[in-house]
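Structure record follows, encoded as structure tokens.
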Amino acid sequence: MNPEDAILPHREVFDKPVVRFELTRAHFPRVCPVCGKKATKTLKLTLFPGRRRYLNAMWNPRYMSIRGRTQSTTADSSMARTLMIPVCEDHEYSYEDFCRLRFVCVIGIGITMAMAWVAVFKIGGDFSRGRFELGWAPAILVLFGFVLVLSWLSFRPSAVERAIKIIGFDPSLQNIIVDFKNASYRERFLEENPGVSEPVKWIIRA
């Protein structure tokens, strides 16, 4: 494939219908999109079209100073789009809590990786001398594996994000295209939002 062809607009066809709806006029059903239970909580999901997300604001190259932070925040706020999604208590979560968990996992990987290297050399030295002891070295490797699994789980999309997968926005950022995992939830969404939502089988990717 010619590299230039990869950036040209192309048609993307979906196996099942996705939904395009107006952000400001549509609303989500009062049931949990994950399990279908009656929704008692509301999850605020903020989206930033075309912007990378950082675990820490200072990791953003545009974060230069207090003044620069204010300017960047103002620009991002004008692009931000928010979805208010009713969910049950079991699937309510805080995005800030997820960020904290991911940050802790990154730090944990760095620390346990350094310890794991020492443990590998210790185990290698024991094998070279023809002996093996169940001491601290194997325990460090087990701990490192546990932290890796925990990090993988924390960086996965949440259950709500998997149930309501964001495909993209139109150029005006007024309409959003979403893939609902649950077919009955998708049908209920369309029934409750006539005139401002529609099922689509394909889109044009820029």
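So the sequence shown is numbered by the numbering used here: it starts at 2 and just counts up by one. From the three backbone atoms N, C-alpha and C, an ideal C-beta is built for every residue, glycine too. Computed from a predicted structure; not experimentally measured.
query: Give a yes or no on whether the C-beta atoms belonging to Glu23 and Asn176 are separated by under 7 Å.; result: yes
query: Identify the continuous alpha helix (DSSP H) that holds Val161 and give its terminal residues.; result: Ala160 to Ala164
query: Please name the residue or residues paired with Glu13 in a DSSP beta bridge.; result: Ile204
query: Which one of Asp16, His11, Gly37 and Pro10 has the shortest CA to CA distance from Arg189?; result: Gly37
query: When burial is assigned at 16 or more other CB atoms within 10 Å of the CB, is His11 buried or exposed?; result: exposed
query: By Cβ distance below 8 Å, which residues in the same chain neighbour Thr113 in space, the five residues on each side in sequence not counted?; result: Ile141, Leu144, Phe145 and Val148
query: Taking Val148 as part of the beta strand (DSSP E), name the residues at either end of that continuous run.; result: Looking at the DSSP string, Val148 is not in any beta strand (DSSP E); the run it does join, the alpha helix (DSSP H), is Trp137 to Phe156.
query: Since I believe Arg26 is in contact with Val197 (beta carbons under 8 Å), could you give me their beta-carbon distance rounded to a whole number of angstroms?; result: 4 Å
query: Determine whether the beta carbon atoms of His92 and Val201 lie at a separation below 7 Å.; result: no
query: Going by C-alpha to C-alpha distance, which of Ile205, Lys17, Phe170 and Arg132 sits closest to Leu48?; result: Phe170
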